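Protein chains in written order, with UniProt numbering: chain A, 1 to 316; chain B, 1 to 316. Virtual Cβ for every residue (Gly too), placed ideally from N, Cα, C. Predicted model, so just to flag it, every value in this text is computed and none were measured.
Protein chains: 2
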Amino acid sequence: MVTLSDVAKEANVSKMTVSRVINHPEQVTPELRALVEKAMAALNYHPNSIAQALVNNRTNVVKFVTLEDIDTTEPYYMNLLFGFARGLNKKQYAMQLVTDAKKIKNGRADGYLITGARSSDYDMFDQLDKPFVLFGENHRGFDFIDTDNQKGVRMATEYAMSRLYKHLIFIGIDVKEPFEYSREAGYINTLQQNQMIPQIYRIPNHSHAAQDLIHEHFKEFKMDTCFICASDRIAVGVERQLETEGAKVPDDYGVIGFDGVFLDQVANPKLTTVRQAIFDIGESLAEMLLQKIAQSGSPQGEILVEPTLVRRGSTR
Amino acid sequence: MVTLSDVAKEANVSKMTVSRVINHPEQVTPELRALVEKAMAALNYHPNSIAQALVNNRTNVVKFVTLEDIDTTEPYYMNLLFGFARGLNKKQYAMQLVTDAKKIKNGRADGYLITGARSSDYDMFDQLDKPFVLFGENHRGFDFIDTDNQKGVRMATEYAMSRLYKHLIFIGIDVKEPFEYSREAGYINTLQQNQMIPQIYRIPNHSHAAQDLIHEHFKEFKMDTCFICASDRIAVGVERQLETEGAKVPDDYGVIGFDGVFLDQVANPKLTTVRQAIFDIGESLAEMLLQKIAQSGSPQGEILVEPTLVRRGSTR
DNA sequence: TTGTACGCGTTATCAC
DNA sequence: GTGATAACGCGTACAA
Numbered sequence: 001m002v003t004l005s006d007v008a009k010e011a012n013v014s015k016m017t018v019s020r021v022i023n024h025p026e027q028v029t030p031e032l033r034a035l036v037e038k039a040m041a042a043l044n045y046h047p048n049s050i051a052q053a054l055v056n057n058r059t060n061v062v063k064f065v066t067l068e069d070i071d072t073t074e075p076y077y078m079n080l081l082f083g084f085a086r087g088l089n090k091k092q093y094a095m096q097l098v099t100d101a102k103k104i105k106n107g108r109a110d111g112y113l114i115t116g117a118r119s120s121d122y123d124m125f126d127q128l129d130k131p132f133v134l135f136g137e138n139h140r141g142f143d144f145i146d147t148d149n150q151k152g153v154r155m156a157t158e159y160a161m162s163r164l165y166k167h168l169i170f171i172g173i174d175v176k177e178p179f180e181y182s183r184e185a186g187y188i189n190t191l192q193q194n195q196m197i198p199q200i201y202r203i204p205n206h207s208h209a210a211q212d213l214i215h216e217h218f219k220e221f222k223m224d225t226c227f228i229c230a231s232d233r234i235a236v237g238v239e240r241q242l243e244t245e246g247a248k249v250p251d252d253y254g255v256i257g258f259d260g261v262f263l264d265q266v267a268n269p270k271l272t273t274v275r276q277a278i279f280d281i282g283e284s285l286a287e288m289l290l291q292k293i294a295q296s297g298s299p300q301g302e303i304l305v306e307p308t309l310v311r312r313g314s315t316r
Numbered sequence: 001m002v003t004l005s006d007v008a009k010e011a012n013v014s015k016m017t018v019s020r021v022i023n024h025p026e027q028v029t030p031e032l033r034a035l036v037e038k039a040m041a042a043l044n045y046h047p048n049s050i051a052q053a054l055v056n057n058r059t060n061v062v063k064f065v066t067l068e069d070i071d072t073t074e075p076y077y078m079n080l081l082f083g084f085a086r087g088l089n090k091k092q093y094a095m096q097l098v099t100d101a102k103k104i105k106n107g108r109a110d111g112y113l114i115t116g117a118r119s120s121d122y123d124m125f126d127q128l129d130k131p132f133v134l135f136g137e138n139h140r141g142f143d144f145i146d147t148d149n150q151k152g153v154r155m156a157t158e159y160a161m162s163r164l165y166k167h168l169i170f171i172g173i174d175v176k177e178p179f180e181y182s183r184e185a186g187y188i189n190t191l192q193q194n195q196m197i198p199q200i201y202r203i204p205n206h207s208h209a210a211q212d213l214i215h216e217h218f219k220e221f222k223m224d225t226c227f228i229c230a231s232d233r234i235a236v237g238v239e240r241q242l243e244t245e246g247a248k249v250p251d252d253y254g255v256i257g258f259d260g261v262f263l264d265q266v267a268n269p270k271l272t273t274v275r276q277a278i279f280d281i282g283e284s285l286a287e288m289l290l291q292k293i294a295q296s297g298s299p300q301g302e303i304l305v306e307p308t309l310v311r312r313g314s315t316r
């Protein structure tokens, strides 16, 4: 293993000069710096992050915390994870996956990424002694990144109108969480701007709940209705039950989902959906968290990432 | 932060005695050991894994390498990952996710878990300078854990026979890999034992490829045929196209999948499938890898994990 | 059996 | 601007 000392010898300087070239290059004269950089390149030197971690009292590890039940975890977490991993790798960070909220403080880490947080979890966060960022909107001042939920549903709603569906029904998730309020707001605002009356159902985030809903109320749904759904899970159930009821998708009824990761492609016909840039969000979360750690916990604010409307077979 | 020295002071011994209590308890007299353990508990001492890592020239990090294209990644990787993470957490290990084979040797790690390996990747493994284990059968002597593929398909085939399907067709994945050969062997052996003639199709592992297959050959498929599929992806496509062709599932045609993670539940009717214990396999892989690291790379052998047959609506 | 001295690779501090 | 020194927390080698 090539160490600082090796480079120092090679360049005929002290270890500290080498260290400075890496961490505070401006403190070193250009000539020496060039010399050292040449030596580093010649020896293919890479800093030992473990030694760095020891002296800086860091672990080079962050925790990826999933508060949602793993059984109900949507496949899109996979994308979040891999995006997050990509962000970490650039800084030689590693991660531990945590699914049990009680175990968050087990072991060591420099910070936390928290996903699937509900309002009821917020109190717990105040007890964390390390920096953390959230995946998901919140209005408690916690740093976060999320999809622009409101804009996403607005795009979906406007698209449904542009396809000349006359009745727009929103099927939301029956949770009292910011992301859901934002999605509903995107729907409500768009309808009001067009002098239409919002009509909202709220159900658990499961395809069978959506099937039940459609089954029960099918007679009330007029032709030319488009269902704007708060998740692909729901949209899949809606689409399936519509077919079962003998309704024609997309000609007589439209369905638009939300998420755009995997489930939308399993559906038949494939879903028109609002695709979240989950992978990118994961990567950004890593960058935000690492920066927050580097800045010893200073606030990073919030980022809303624009989703994309993907047009497919479930709308005409 | 509580250190070794703190505990030593508390127990009125030297640091080394404390260190020994942790690493070589048998070298310490029971009285002293008890004293030290009390002190550790009182101070809630936990070893600093970074310092350990530095002195042992370890990183406490392993890499989770996915050689398959992440876009085609099946959701069951999520389970593998979380199982793996669980195994790592017990030993305070963290992981880095790697999807680009070229980047495997970037940075530092004590070992590698490699998934999605094809035979063409094997040569690369010989160049790895750290211990590694594979998820997936191989016959090159690399340590691995996998589902007992042959037994899984045997179970599926025998079950189909017990449900009185008269014609059993295997739809495999068109790759020349050990796992596929094992699955086909499970089918072939079972049929031969029952004096039946095997009939095998091989297609890409996509639901639409399965749909195409069924569509093209539908007229050739007699009533009372059960399709034993090498993956849930294929099974989903088979089931869907059978319905499209107007065939009755499960009364006239049966479908059995393989994997049992997520996709089987999205299907309609839900798939009868061979469920792999992916989460457990992930955990075992972590244990195997960490043990191999602790034993400085000594061979760990191979483990075949029994799958479970899950009976549901796609068979009668 | 227990303790002392030193080293792992790095960075901060304080001289020069 | 540069270098010597100490320190991070722990484990090994050796001495007692």
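Asked                                                                                                                                       : Found
Backbone CA spacing between Ala13/B and Thr3/B [nearest angstrom]                                                                           : Correcting the residue type first, residue 13/B is Val in the shown sequence and not Ala. Roughly 14 angstroms separates the two Cα atoms.
Under 9 angstroms by beta carbon: chain A residues contacting Thr99/B                                                                       : Phe82, Ala85, Arg86
Delimiting residues of the alpha helix (DSSP H) encompassing Glu180/B                                                                       : 178–193
Residue 341/B classed as buried or exposed, judged by whether at least 16 other C-beta atoms fall within 10 angstroms                       : The requested residue 341/B is not part of the displayed model; chain B covers only 1 to 316.
Partner residues on chain B for Asn12/A, Cβ-Cβ distance less than 7 angstroms                                                               : Correct list: empty, because the minimum Cβ distance to chain B is about 27 angstroms.
Proximity winner among Val255/A, Ser231/A, Ile228/A, relative to Arg240/A (alpha-carbon distances)                                          : Val255/A
Supposed close pair Asp212/B, Leu263/B - CB separation, criterion 8 angstroms                                                               : Contact flag wrong, Cβ pair sits at about 18 angstroms.
Tyr93/B in three-state terms, based on DSSP                                                                                                 : coil
Residue span of the alpha helix (DSSP H) that contains Asp146/A, given as start and end                                                     : Not the alpha helix (DSSP H): Asp146/A falls in the beta strand (DSSP E), residues 144–147.
Distance CB(Ser162/B)-CB(Val249/B) smaller than 8 angstroms                                                                                 : no
Beta-carbon proximity of Ile281/A to Ile114/A, cut-off 8 angstroms                                                                          : no
Reference Phe218/A; option with closest CA among Gln92/A, Lys38/A, Pro204/A, Thr244/A                                                       : Thr244/A
Members of the region 100–121 of chain B that neighbour chain A once the beta carbon cut-off is set at 9 angstroms                          : Lys103, Asn106, Gly107, Arg108, Ala109
Closest Cα partner of Gln300/A within the set Gln193/A, Ser120/A, Leu285/A                                                                  : Leu285/A
Closer than 7 angstroms at the beta carbon, the chain B residues around Tyr77/A                                                             : Met78
Cα-Cα separation, Val236/A to Asn106/A                                                                                                      : 39 angstroms
Start-to-end residues for the beta strand (DSSP E) that takes in Glu243/B                                                                   : Element bounds for Glu243/B: not the beta strand (DSSP E) but the alpha helix (DSSP H), 232–244.
Start and end residues, alpha helix (DSSP H) containing Phe262/A                                                                            : Taken as a continuous stretch (DSSP letters only), Phe262/A belongs to no alpha helix (DSSP H), as it is neither H nor E.
Cβ of Thr308/B within 8 angstroms of any chain A Cβ                                                                                         : no
Neighbouring residues, chain A, relative to Phe262/B (Cβ below 8 angstroms)                                                                 : Pro75
Residues bridged to Leu304/B (per DSSP)                                                                                                     : Asp146/B
Min CB distance Ile50/B to chain A below 8 angstroms                                                                                        : yes
Runs of beta strand (DSSP E) wholly within the region 58–82 of chain B (minimum 3 residues, chain order)                                    : 61–66
Helix, strand or coil at Arg275/A according to DSSP, with G and I counted as helix                                                          : strand
Interface residues of the region 201–220 of chain A facing chain B [CB-CB below 7 angstroms]                                                : none
Cβ separation of Glu68/A and Gly116/A, assumed to be a contact under 8 angstroms, to the nearest whole Å                                    : 3 angstroms
Residues of its chain near Asp6/B, where Cβ-Cβ distance is below 8 angstroms and the 5 sequence neighbours each way are ignored             : Leu43, Tyr45
Candidates Asp143/A, Met1/A, Phe125/A, of which the one nearest Leu304/A by Cα                                                              : Asp143/A
Near the ligand FMN: Val62/B beta-carbon under 7 angstroms from a heavy atom                                                                : Absence of the ligand FMN from the depicted structure is noted, as is the absence of any ligand whatsoever, leaving it without description.
Residues near Leu309/A in its chain [Cβ-Cβ closer than 7 angstroms; skip 5 each side]                                                       : Met155, Ala156, Tyr159, Val274
Straight-line gap, Gln199/B to Gln199/A (C-alpha atoms, nearest Å)                                                                          : 54 angstroms
Runs of beta strand (DSSP E) lying entirely within the region 92–177 of chain B, each at least 3 residues, in chain order                   : 94–98, 111–115, 132–135, 144–147, 167–173
Contacts around Gly186/A, its chain only, beta-carbon distance under 6 angstroms, and the 5 residues preceding and following it disregarded : Gln150, Val153, Arg154
Proximity test, Cβ basis, 8 angstroms: Thr59/B and chain A                                                                                  : yes
Where the beta strand (DSSP E) containing Thr17/B begins and where it ends                                                                  : Thr17/B -> not in any beta strand (DSSP E); alpha helix (DSSP H) instead, spanning 15–23.
Three-state secondary structure (DSSP) of Phe221/B                                                                                          : coil
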